[in-house]
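Engineer: Pasting a structure below so you can have a look.
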Amino acid sequence: MNPDIQKAYRHLYKDPVMKTIIRQSGKLEPAPHKDLFSALLLAIVSQQLSVKAADTIWNRFILLFPGKKPDADSLLNMDVELIRAAGLSYQKAGYLKNIAAFSKEKTLEYRRLYRKSDEDLIEYLSSIKGVGRWTAEMILLFNLNRPDIFPLDDIGIQQAMVSLYNIKLKGKPLKEEMLRLSFAWQPYRSLASRHLWRWKDSAP
Numbered sequence: 001m002n003p004d005i006q007k008a009y010r011h012l013y014k015d016p017v018m019k020t021i022i023r024q025s026g027k028l029e030p031a032p033h034k035d036l037f038s039a040l041l042l043a044i045v046s047q048q049l050s051v052k053a054a055d056t057i058w059n060r061f062i063l064l065f066p067g068k069k070p071d072a073d074s075l076l077n078m079d080v081e082l083i084r085a086a087g088l089s090y091q092k093a094g095y096l097k098n099i100a101a102f103s104k105e106k107t108l109e110y111r112r113l114y115r116k117s118d119e120d121l122i123e124y125l126s127s128i129k130g131v132g133r134w135t136a137e138m139i140l141l142f143n144l145n146r147p148d149i150f151p152l153d154d155i156g157i158q159q160a161m162v163s164l165y166n167i168k169l170k171g172k173p174l175k176e177e178m179l180r181l182s183f184a185w186q187p188y189r190s191l192a193s194r195h196l197w198r199w200k201d202s203a204p
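The sequence shown begins at 1 in this note's numbering and counts up by one.
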């Protein structure tokens, strides 16, 4: 196992609740994928869909490009009806074109963005119409392997923490308590979040 991951687990084990759910579900390895352009397209395609439905539509969508590799120029020049035929709404087709335009006008090359802080990068990505904060956080957490992302507004994270930590609060006080508890996991809140999702998905 990656030495950095081992260090992260040693740190998370200091929280008895986190230690218990990690031991129940097993450890995780990161799977970084630094292609920001494709990651954002996939995030839009997947919004509000089951994993199976998203995979089906994504596979239809990439068939529209040479070598099944989407690129900004081809996407910008593509007829919206062709994108729609892959199973996407007009709104999502527009969001995909927004990402392509942003890629051309600014940049989505991570080698030019990696020096940005987590918050600056989230703000940068969420300035694209159709890409909200939650989507940007997911990109940083899963694709860019940023280690300390804590998606406070994620419903799954909220539900897991309410159950595991017996939190009786709602609304803003709930988020304040979640944030307070998360400080103990810094700087490895991404890994902690992944385990909270895994626990929730496997909970009866």
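C-beta atoms are modelled at their ideal positions from N, C-alpha and C, and glycine is treated no differently.
Would you report the Cα separation of glycine 130 and lysine 97, rounded to the nearest angstrom?
Structural biologist: Taking the straight line joining both Cα atoms gives about 10 Å.
Engineer: For the structure I just gave you, are there three or more beta carbon pairs, one from the stretch 59–73 and one from the stretch 19–30, closer than 8 Å?
Structural biologist: As far as the Cβ criterion goes, the stretch 59–73 does not touch the stretch 19–30, which means the pair count is below three.
Engineer: Near alanine 8, what residues of its chain come up, given a Cβ to Cβ distance below 8 Å and the 5 sequence neighbours on each side ignored?
Structural biologist: Same-chain partners within the cutoff: Pro147, Tyr188 and Leu191.
Engineer: For a test of the three-state rule: what should DSSP assign to glutamate 137, helix, strand or coil?
Structural biologist: The answer is helix: DSSP assigns glutamate 137 an H, G or I state.
Engineer: Considering only C-alpha positions, which residue in the set Phe150, Pro151 and Lys175 is nearest to valine 162?
Structural biologist: With distances taken between Cα atoms, valine 162 lies closest to Lys175.
Engineer: Are the C-beta of histidine 195 and some C-beta of chain D separated by less than 8 Å?
Structural biologist: Among the chains in the structure shown there is no chain D, since it carries only a single protein chain.
Engineer: Taking its Cβ as the centre, do 16 or more other Cβ atoms sit within 10 Å of isoleucine 44, making it buried, or is it exposed?
Structural biologist: Flag for isoleucine 44 reads buried.
Engineer: Does the separation of the CB atoms of tryptophan 185 and aspartate 15 fall below 8 Å?
Structural biologist: Yes, the Cβ-Cβ distance between tryptophan 185 and aspartate 15 is below 8 Å.
Engineer: Spatial neighbours of lysine 172 within its chain, please: C-beta separation below 8 Å, excluding the five flanking residues on both sides.
Structural biologist: The answer is none, since no qualifying residue turns up.
Engineer: Helix, strand or coil for isoleucine 149? Go by DSSP, reduced to three states.
Structural biologist: Three-state DSSP puts isoleucine 149 in coil, outside helix and strand.
Engineer: State the CB to CB distance for the pair tyrosine 90 and valine 80, rounded to an integer number of angstroms; the pair is presumed to be in contact (CB under 8 Å).
Structural biologist: That pair is a contact at about 7 Å.
Engineer: Three or more C-beta pairs closer than 8 Å, one from the stretch 29–49 and one from the stretch 130–146: is that the case here?
Structural biologist: Result yes; three or more Cβ-Cβ pairs closer than 8 Å.
Engineer: Compare the beta carbon distance of alanine 100 and leucine 76 with 8 Å and say whether it is the shorter of the two.
Structural biologist: Yes, the pair counts as a contact, with Cβ atoms nearer than the cut-off.
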